[in-house]
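Asker:
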Amino acid sequence: MDQDLAEAVKHHEAGRFLEASELYAEILNRESRHEVWHLLGHAQLNMGKLEQALHSFSEALKLSDENALYVQSRGRARAEAGELEAAIQDFVKAIELGLRDAEAYALLAMAQESCLYVDAAIQNYHLALKLQPGVPEWLNSLAYLHLYRKNWQIGWDLHRFRAHRQAIGQPPIRRDELLQPVHGRKILLVGEQGLGDELFFLRFVPTLIRKGALSVEYICNNPKLIPFLKKMEFLDAVHDGQYEPTWDYRVIPIGDLPMLTVWLGADPLPNAIPVRPIMSRDRVYEELGLNKNTKTVGVTFRAGLSLGPFGSYRALGKHVDPDLIREFFPKGEDFQLLLMQRDITAGEKKQFPGALDCSSWHDDLLKLQSLLVALDHYIGVSSTSMHLMASAGGTATVLVPGSGDFRWGYEGDSSPWFPGFQIIRLGNTQKP
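Residue numbers (our numbering): 884 to 1315.
1) Give me, in chain order, the residues of the same chain whose beta-carbon lies closer than 6 Å to that of HIS917; leave out the 5 immediate sequence neighbours on both sides.
2) Between TYR1196 and ALA1026, what straight-line distance do the alpha-carbon atoms span, to the nearest angstrom?
3) So, with DSSP's three-state summary, where would you put THR1129?
4) Measuring straight from C-alpha to C-alpha, what distance separates ASP1139 and PHE1289?
5) What residues match up with VAL1283 in a beta bridge as DSSP calls it?
6) Hey, ALA951 and ALA977 are a contact pair by Cβ (cut 8 Å); roughly how many whole angstroms apart?
7) Between which two residues does the beta strand (DSSP E) containing ALA1120 stretch?
8) What first and last residue would you give for the alpha helix (DSSP H) that runs through HIS1260?
9) Consult DSSP for ARG1159 and reduce its assignment to one of helix, strand or coil.
10) Taking buried to mean at least 16 other C-beta atoms within 10 Å of its own C-beta, is PRO1284 buried or exposed?
11) By Cβ distance below 8 Å, which residues in the same chain neighbour ILE1307 in space, the five residues on each side in sequence not counted?
12) Just the Cα atoms here: how many angstroms apart are PHE940 and ILE1156?
13) What do you get for PHE1117, buried or exposed, if any count of 16 or more other CB atoms within 10 angstroms of its CB means buried?
14) Pick helix, strand or coil for PHE900, following the three-state DSSP scheme.
15) Distance, Cα to Cα, GLU1100 vs SER1163?
16) With a cut-off of 8 Å on the beta carbons, I'd call VAL1145 and TRP1300 a contact; round off their distance for me.
17) Which same chain residues, not among the five before or five after TYR988, have their C-beta less than 6 Å away from its C-beta?
18) So what's GLY1181 in DSSP terms, helix, strand or just coil?
19) Taking the continuous beta strand (DSSP E) assigned at GLU1216, which residues delimit it?
20) Any chance the segment 1057-1077 sits against the segment 1098-1114, with 3 or more Cβ pairs inside 8 Å?
21) Taking 8 Å as the threshold, find out whether the segment 952-972 comes into contact with the segment 919-939 through three or more Cβ pairs.
22) How big is the Cα-Cα spacing for GLY1079 and PRO1236?
23) Can you grab the Cα-Cα spacing for the pair GLU914 / TRP920, in whole Å?
24) Among all the DSSP beta bridges, which residues are the ones paired with HIS917?
25) Pairing CB atoms from the segment 1219-1234 with CB atoms from the segment 1175-1186, are three or more of them under 8 Å?
26) State the Cα-Cα distance for the pair VAL1340 and ALA903, rounded to the nearest angstrom.
27) Alpha carbon to alpha carbon, how far is LEU1062 from GLY1292? Give it in angstroms, no decimals.
28) So, LEU1248 versus LEU1108, is the Cβ gap smaller than 8 Å?
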């Protein structure tokens, strides 16, 4: 390796991608070399310069067109740019050219997962895990793919490796520890999920009582959720995150409850737990300053976390452009628009002139639930509000961008988890 290239690689490995790319460019001005084009592409990819990265990888392939690693790198850039079908072709070609390590199969599986080619993604994640067992991110993805396919036992078993456990530094619960009878035991459930997911997993709790649990208590690490949990009669006590249980409790993370209930022979598709709203429609309208005859439409257009780089764990980000969401407003009706978006920005509010900002209602989940069921129409992405609406026996129009999650499936306009809800699928939702 010549001195300039060695210096560039040193910058690259230290994360100084701009300095590295400048040196790579100087070298390429003197001589077009495939390995330098490839390195430049990766530096550009790390800086988010996707078009430049694609150009650099293509230049590398012009000089070495059968290089499997270069083909795979171009696939990464294409996937990051949202060109998933082209990325899949590159990942397949890289494998055909001999790049058959665990990462090669995992990258292909990730792209297939994003396109909802469920069976193919399952197959390739299994191949990746055979070569490199125990990778939590791959197990996490595999869990949800099996849940898409309604393979409940496999999916919930793999759910022990979910990303939330990783995020809080907790190892997966052992299968033999989880799959134990509950009869005569004091059960302590531990919340370790986001708000919406915890509300979802509560629907599995009644099985513990039917199977003879002596009591069911809950440790809640989110203060906002505690008042809502206290409305659930089957919970004998709700504790905050500082509670220290005694030795005689059987402690179960809430996200592992479905696996246990499936093992206990319960219905794999339990209904949402009913919780009666604390405010009437008239009282909600009075607080909003609306006439009781006013038609109302509520909207939520983003939820979840931002997506990470392709190839890393990608938190489930859900976002619908505000301009697009207008297409789903009721036609031929006068209505008052209510912005239900949590943490709404000033710029987002400006996109809906005349709308009421109801974002502060998220501070109290019981009040928020009352507002939701008071609406004539609620339209939004999957969020905590959908779970609150289901608990109140209401329905909504759910906008599912991208691949969504297993609760909304990958095809059709309804979900067995949310009877009566209408699903509208947006973006890349090819049938596997």
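Ideal placement from N, C-alpha and C gives every residue a C-beta, glycine not left out.
Answerer: So, from the data block:
1) ALA943, LEU946, SER947
2) The pLDDT assigned to TYR1196 is 44, lower than 50, so where the model puts this residue is not dependable; a value taken from the coordinates is nonetheless given after this. Each residue's alpha carbon lies about 14 Å from the other.
3) coil
4) 16 Å
5) ARG1308
6) 5 Å
7) 1120-1123
8) Run containing HIS1260: none in the alpha helix (DSSP H); it sits in the beta strand (DSSP E), 1260-1264.
9) coil
10) buried
11) PHE1211, THR1280, VAL1281, LEU1282, VAL1283, ASP1296
12) 52 Å
13) exposed
14) helix
15) 29 Å
16) That pair is no contact at about 15 Å.
17) ASN1007, LEU1010, ALA1011
18) strand
19) It is not in any beta strand (DSSP E) - GLU1216 carries neither H nor E in the DSSP assignment.
20) yes
21) yes
22) 29 Å
23) 10 Å
24) Paired residue(s): none; HIS917 is not in a bridge.
25) yes
26) In the structure as shown, the chain starts at 884 and stops at 1315, and residue 1340 therefore has no counterpart that could be examined.
27) 27 Å
28) yes
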